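Residue numbers (mature numbering (1 follows the signal peptide of the UniProt record, and there is no 0)): -22 to -1, 1 to 56.
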C-alpha cells in the first residue's frame, strides 16, 4: 500500500509533462501562439511537425476560429 502511495505522485508528474491538450491551449492563447510559432519554425526548417504538440495546436486554432465564426454569425442573426 505504501508503494502505491509513493508512485501516485510520480505518475501524476509524468502525465503533467506531456504536451498541452487542445482544451488547455484554447484556454491559454499565449501558449497556443508560442507552440504555433515553434511549429511554423520547424516547418520552415524542414523538420517534422507531425507531433502531438503541433497537432493539438492546429486543432485548438481550428476550433477557436470556428467558435469565433459561429459567434459572429449569431450576432449577425444568421
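The C-beta atom is built at its ideal place from N, Cα and C for all residues, glycine as well. Predicted model only: the values in this text are computed from it and were never measured.
Proximity to residue i [Cα-Cα], best of the options
{"i": "residue 31", "options": "24, 22, 11, 47", "result": "11"}
{"i": "residue 2", "options": "34, 45, 43", "result": "34"}
Buried versus exposed, by CB contacts within 10 Å (16 or more), residue i
{"i": "residue 17", "result": "buried"}
{"i": "residue 38", "result": "buried"}
Boundaries of the alpha helix (DSSP H) in which residue i is found, first to last residue
{"i": "residue 2", "result": "-1 to 5"}
{"i": "residue 57", "result": "Past the edges of the chain, shown from -22 to 56, lies residue 57, and the structure says nothing about it."}
{"i": "residue 40", "result": "30 to 53"}
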